[in-house]
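Read in this note's numbering, the sequence shown has 306 at position 306, and its numbers run on one by one without any break.
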Amino acid sequence: MAGAVIGATIADYRNQRQEVVEGGRTIYTEPDRIIIRDPGGQEYVRGNDLYRFRYGARDIRTETVGGETRTVVIRPDGSEVITVVGPDGSLLRRIRRDPGGREIVIIDNSYRDPRAVGGFYVDVPPPVVTIPYDRYIVDAQEASPDVIYETMEAPPVQRIDRRYSLDEIRYSPNVRMQMPSIDVNTINFDLGSWTIPPDQAARLQVIADGLNRAIQRNPREVFLIEGHTDATGNDVDNLSLSDRRAQSAAELLTQQFGVPAENLTSQGYGKQYLKEQTDGPSRINRRVTIRRITPLLNGGQASLPPPPPGIAPPR
Numbered sequence: 001m002a003g004a005v006i007g008a009t010i011a012d013y014r015n016q017r018q019e020v021v022e023g024g025r026t027i028y029t030e031p032d033r034i035i036i037r038d039p040g041g042q043e044y045v046r047g048n049d050l051y052r053f054r055y056g057a058r059d060i061r062t063e064t065v066g067g068e069t070r071t072v073v074i075r076p077d078g079s080e081v082i083t084v085v086g087p088d089g090s091l092l093r094r095i096r097r098d099p100g101g102r103e104i105v106i107i108d109n110s111y112r113d114p115r116a117v118g119g120f121y122v123d124v125p126p127p128v129v130t131i132p133y134d135r136y137i138v139d140a141q142e143a144s145p146d147v148i149y150e151t152m153e154a155p156p157v158q159r160i161d162r163r164y165s166l167d168e169i170r171y172s173p174n175v176r177m178q179m180p181s182i183d184v185n186t187i188n189f190d191l192g193s194w195t196i197p198p199d200q201a202a203r204l205q206v207i208a209d210g211l212n213r214a215i216q217r218n219p220r221e222v223f224l225i226e227g228h229t230d231a232t233g234n235d236v237d238n239l240s241l242s243d244r245r246a247q248s249a250a251e252l253l254t255q256q257f258g259v260p261a262e263n264l265t266s267q268g269y270g271k272q273y274l275k276e277q278t279d280g281p282s283r284i285n286r287r288v289t290i291r292r293i294t295p296l297l298n299g300g301q302a303s304l305p306p307p308p309p310g311i312a313p314p315r
């Protein structure tokens, strides 16, 4: 599990990293994630959200049927979180089932739009942003709790013309940028570290309150936690490190503040999106951001209420 090794550093994982070349792609495998470099030079990291659901679980069951692996995490109140992954370990679906058996599909990553071409990168123009910059990229340190909550429910900055898969959102910056984001600059990380110090953890309270309020209003909300590094170090290390930072924040939000783990997903972006344009060490660049991605997943449709008891949603 990421973060489970106390005092681990990125150097420890670098020493365990294995490298293979398959079909022109270079694949770096760490114990808990993979980093892929495409022939064109694009790099991305793929982690595993499942570890976060184990916290506080009463029981965990896993079965593999027809190449799909279904993991059911049973919580003390009898509710279940069901995660379905494909043969390659990629997420297909995430479902919450309440104690009465009612199911809510939170993420359907198996969906592919007919217009989708090739892999997961979607080549769309940058969005036209007409709202004030400080409401498009919200500074958590300066913003009021009301502004943070409003950002967590804010609509896209322009019309969404189709549904996107989670992977398309993760790996396509201009798709993500259609949604406002919150720069969680109340916490920063030490060089090479993904640990959130206890004195900084409490600063996530306002973020957690906003997330919990939004999820209570619509149990299908999904928020992407994005991890970043500064420009020091090599690209593979930085992707791994940034992904661990995003995971650390997601883990803390659930364990300390009760944000439902299944409504969060995380992704690291290394040094691709520097806030401070410097090649040197920068605490400002070692950060996480949070973005509501529900409208991207559902094609901009109005948030749907949960179905009545006894009626499962369409799958």
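Where is the CB? At the ideal position from N, CA and C, for every residue including glycine.
In the pairwise beta carbon analysis, the region 183-190 is classified as touching the region 286-298: at least three pairs are separated by under 8 angstroms. Straight through space, the alpha carbons of Pro31 and Ile10 are spaced by roughly 12 angstroms. Shown here, Gln216 sits in a helix according to DSSP, grouped into three states. Proximity to Met152 across Arg54, Asn263, Asp161, Gly233 peaks at Asn263, based on C-alpha coordinates. The beta carbon of Phe53 sits closer than 6 angstroms to the beta carbons of Val73, Val81, Ala261 from its chain, once the five residues preceding and following it are set aside; these are given in chain order.
Taking the CA atoms as reference points, Asn234 sits about 34 angstroms from Pro156.
Going by DSSP, Ser90 is part of no alpha helix (DSSP H) at all; its letter is neither H nor E. Judged by DSSP in its simplified three-state form, Phe223 adopts strand.
For the alpha helix (DSSP H) assignment, the uninterrupted runs of no fewer than 4 residues enclosed by the region 235-259 are, from N- to C-terminal side, 235-257.
With the rule of 3 Cβ pairs closer than 8 angstroms, the region 209-219 counts as touching the region 140-151. Taking 8 angstroms as the upper bound for CB-CB distance, Val45 and Ser240 are in contact here, some 6 angstroms apart. The beta carbon of Thr29 sits closer than 6 angstroms to those of Gln18, all from its chain and outside the five residues before and after it, given in chain order. Gln267 counts as buried, since at least 16 other C-beta atoms from the protein chains shown sit within 10 angstroms of its C-beta. When secondary structure is reduced to three states using DSSP, Gln205 falls in the helix class. Beta-bridge partners assigned by DSSP to Ser266: Ile225. Using a 10 angstroms sphere on the CB of Arg291, the tally of other CB atoms reaches 16 or more, which defines it as buried.
The Cβ atoms of Gln158 and Val122 lie no closer than 8 angstroms to each other. For Glu276, no beta strand (DSSP E) segment is defined, and its DSSP state is neither H nor E.
Spatial neighbours of Ser79 in its own chain (CB-CB distance under 8 angstroms, excluding positions within 5 residues in sequence) are listed in chain order as Arg96, Arg97, Asp98, Pro99. Judged by DSSP in its simplified three-state form, Glu142 adopts coil rather than helix or strand.
Non-local beta-carbon contacts of Tyr55 in its own chain, meaning distances under 8 angstroms to residues more than five positions away in sequence, involve Glu251, Thr254, Gln255, Ala261 in chain order.
DSSP, read as helix, strand or coil, puts Gln42 in coil. Annotation note: the region 25-74 contains the following uninterrupted alpha helix (DSSP H) runs of length 4 or greater, listed N- to C-terminal: 50-53. Asp108 sits in a strand when the DSSP states are folded into three classes. The Cβ neighbour count for Asn109, taken over all protein chains shown within 10 Å, is at least 16; the residue is labelled buried. The C-beta distance from Gly47 to Gln247 rounds to 6 angstroms, short enough to meet the 8 angstroms contact threshold.
For Arg94, the number of other beta carbons within 10 angstroms of its own is at least 16, and it is reported as buried. Taking 8 angstroms as the cut-off, the Cβ atoms of Gly299 and Ile160 count as close.
Per DSSP, the beta bridge partners of Val288 are Val184, Gly227.
Cβ-Cβ distances below 6 angstroms link Asp139 to Asp183 in the same chain, with the five nearest sequence neighbours on each side left out; the list follows chain order.
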